[in-house]
Amino acid sequence: MFLSQGYQWALALMAPRGGLLPLQSPGCWVTVSRAGCVLVCSWWTSLCSWLAPVRTDVGLGSNPVGHFIHFYGSATTCRISQPGASLSRTPSNLKSAVSGAFKNYSAPSFLPSFLPSFLPSFLPSFLPSFLFSFSLQFSTGGANRPAIWIDTGIHSREWVSQATGVVFAKKILEGYGNDASLTSILDNFDIFLEIVTNPDGFAFTHTKNRMWRKTRSHQSGSSCVGVDPNRNWDAGFGGAGASGNPCSDSYRGPFANSESEVKAIVDFVQNHGNIKAFISIHSYSQLLLYPYGYTSQKVADQAELDAVAKKAVDALQSLHGTKYTYGSIITTIYQASGGSIDWTYNQGIKYSYAFELRDTGRYGFMLPANQIIPTAEETWLALMVILEHTRDHPY
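End of the sequence shown sits at 400 in the numbering used here; the numbers just go up one at a time, nothing left out.
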């Protein structure tokens, strides 16, 4: 049986070369399939176990709410000698850890600062050898339920987007059972939230170049590094609004889905097959955008997407007075080919949106940390409008 009380959330830290591995049926059982090492830690049993690189079923037990963390290493063999370790954190402590993570912009020490003292003692020496993305699944159980995808930080320099993702995680953790609308959404949909979508680039913004936008992949025949991960999708790929120059910030890549960060999401969306809303969080410019970016052709659902966007930006403005512009990408900001929400819309995900968060240029990508919480809180109101509409208009 699946749990009827409370909800489960799972946090997966995945090596960017390894792809996404969501929990397929959270509740009583989790099916894990991975070519490398998998560490499964339970906050409820305070135990960690390394799993061999085979398909494994892991029982979650009968707790009303199960909290699991999965570390997906890129190694092909498991070399950690400890078969198990104790954990000291509890679910309530987790909320404190999350709340501290968005008071300042976090480095890829975001990883140890977000998750620190509930990790086994041997992990800090293991984790730095990998660059991880964060992907969370929130679910009340059930197989292949309709789902909502949210990603933040696909452009690495847009730090307020990653920070907003952390606030969203806290909102979801604390909102189930307390917020009637969110509870209803989680009772009917899984939510997948990828917080650090471009981990290599994110790390680089903290160590070498604060304004780095792209991935960090090496390009054949060029000394320039990286691909714009939001020009790499198979939607008008290679068209106007993307560059063929590997040294450009908007370099599209050698072919569609060449970047593992993009390919992982593409594979996940296609394999899942039941994503109903796809929302990508960027900064800056204060915009709420829907398809298309690569063509001036209007999408079939333009009237509905436009009406939802208007309602969402009105809700956002109601909190702090922040004004957003909304519309299709090509008419609102510029022509851009190879974008994520154009691809997801073409895959049949009607409610495909992209936010460009604060501000309109005074600080730009250098938005002060004291604006993280107000930015995230107002964006949450707009996000909830989209999620409620998705819930109320099944297709």
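Quick reminder that beta carbons are idealized off the backbone N, C-alpha and C, glycines included.
Determine whether the beta carbon atoms of residue i and residue j lie at a separation below 8 Å.
{"i": "Gly3", "j": "Asn237", "result": "Shown here, the chain extends from 6 to 400; a query on residue 3 therefore has no answer."}
{"i": "His287", "j": "Leu362", "result": "yes"}
{"i": "Ala152", "j": "His277", "result": "yes"}
{"i": "Gly158", "j": "Ile200", "result": "yes"}
{"i": "Tyr256", "j": "Ala168", "result": "no"}
{"i": "Ala247", "j": "Gly353", "result": "no"}
{"i": "Thr210", "j": "Arg150", "result": "no"}
{"i": "Tyr324", "j": "Leu386", "result": "Sequence check: residue 324 is Leu here, not Tyr. Contact flag set, yes."}
{"i": "Ile346", "j": "Ser285", "result": "yes"}
{"i": "Gln224", "j": "Pro251", "result": "yes"}
{"i": "Gly298", "j": "Ile334", "result": "yes"}
{"i": "Ile291", "j": "Asp364", "result": "It should be pointed out that residue 291 corresponds to Gln in this sequence rather than to Ile. Against a cut-off of 8 Å, the Cβ pair of Asp364 and Gln291 comes out as a contact."}
{"i": "Gly231", "j": "Arg221", "result": "yes"}
{"i": "Val318", "j": "Leu310", "result": "no"}
Our contact map puts residue i next to residue j with C-beta atoms below 8 Å; I'd like the distance itself, whole angstroms only.
{"i": "Asp254", "j": "Lys213", "result": "The pair is not a contact, with the Cβ atoms about 15 Å apart (cut-off 8 Å)."}
{"i": "Leu294", "j": "Ile338", "result": "7 Å"}
Sorted by chain position, which residues of the same chain lie with C-beta nearer than 7 Å to residue i's C-beta, five sequence neighbours on each side aside?
{"i": "Thr349", "result": "Val274, Phe283, Ser357"}
{"i": "Leu191", "result": "Tyr12, Phe143, Thr145, Tyr181"}
{"i": "Asn351", "result": "Ala240"}
{"i": "Trp217", "result": "Ser161, Arg162, Gly206, Phe209, Thr210"}
{"i": "Gly249", "result": "Arg257"}
{"i": "Thr202", "result": "Ser138, Asp156, Thr157, Gly158, Ile159, Glu266"}
{"i": "Ser186", "result": "Met389, Glu393"}
To the nearest angstrom, report how far apart residue i and residue j are at their CA atoms.
{"i": "Ser54", "j": "Tyr329", "result": "Unreliable placement is indicated for Ser54, whose pLDDT of 44 sits below 50; the coordinate value is still reported in the next sentence. C-alpha separation (whole angstroms): 47 Å."}
{"i": "Phe207", "j": "Ala312", "result": "34 Å"}
{"i": "Ala314", "j": "Tyr331", "result": "6 Å"}
{"i": "Ile155", "j": "Ile270", "result": "11 Å"}
{"i": "Thr300", "j": "Leu198", "result": "28 Å"}
{"i": "Phe143", "j": "Gln302", "result": "35 Å"}
{"i": "Gly244", "j": "Asp184", "result": "44 Å"}
{"i": "Gln340", "j": "Pro296", "result": "11 Å"}
{"i": "Gly241", "j": "Lys176", "result": "35 Å"}
{"i": "Thr188", "j": "Leu178", "result": "11 Å"}
{"i": "Cys229", "j": "Val165", "result": "26 Å"}
{"i": "Leu44", "j": "Gly326", "result": "For Leu44, the predicted model reports a pLDDT of 43, less than 50, meaning its position is unreliable and no value from the coordinates is stated."}
{"i": "Ala374", "j": "Gly170", "result": "14 Å"}
{"i": "Thr336", "j": "Val172", "result": "30 Å"}
{"i": "Ala359", "j": "Lys316", "result": "15 Å"}
{"i": "Pro379", "j": "Ala174", "result": "15 Å"}
Output needed for residue i: all residues of its chain with C-beta closer than 6 Å, excluding positions within five of it in sequence on either side, in chain order.
{"i": "Gly369", "result": "Tyr289"}
{"i": "Ala320", "result": "Leu386, Ala387, Val390"}
{"i": "Asp233", "result": "Lys219, Ser255, Tyr256"}
{"i": "Phe260", "result": "none"}
{"i": "Met6", "result": "Note that Met6 scores a pLDDT of 18, beneath 50, so its modelled location is shaky and nothing firm can be said."}
Looking at the strands, I want to know which residues DSSP matches up with residue i.
{"i": "Phe242", "result": "None; Phe242 has no bridge partner."}
{"i": "His211", "result": "The partner list for His211 (beta bridge, DSSP) is empty, contrary to what the question assumes."}
{"i": "Thr157", "result": "Ile286"}
{"i": "Tyr331", "result": "Leu293"}
{"i": "Ser357", "result": "Phe283"}
{"i": "Ala152", "result": "Asp195, Ile280"}
{"i": "Ser248", "result": "Tyr256"}
{"i": "Val230", "result": "His223"}
{"i": "Leu362", "result": "Ser288"}
Skipping 5 residues on each side, what residues in its chain have a beta carbon closer than 8 Å to that of residue i?
{"i": "Gln322", "result": "Lys328, Tyr329, Glu383"}
{"i": "Asn262", "result": "Asn237, Trp238, Asp239, Lys268, Val271"}
{"i": "Lys281", "result": "Pro151, Ala152, Ile153, Phe194, Ile354, Lys355, Tyr356, Thr395, Pro399, Tyr400"}
{"i": "Ser227", "result": "Pro251, Cys252"}
{"i": "Asn279", "result": "Asn149, Arg150, Pro151, Ala152"}
Any chance the CB of residue i is under 7 Å from a heavy atom of the ligand HEM?
{"i": "Met389", "result": "No copy of the ligand HEM appears in this structure; indeed no ligand is present at all."}
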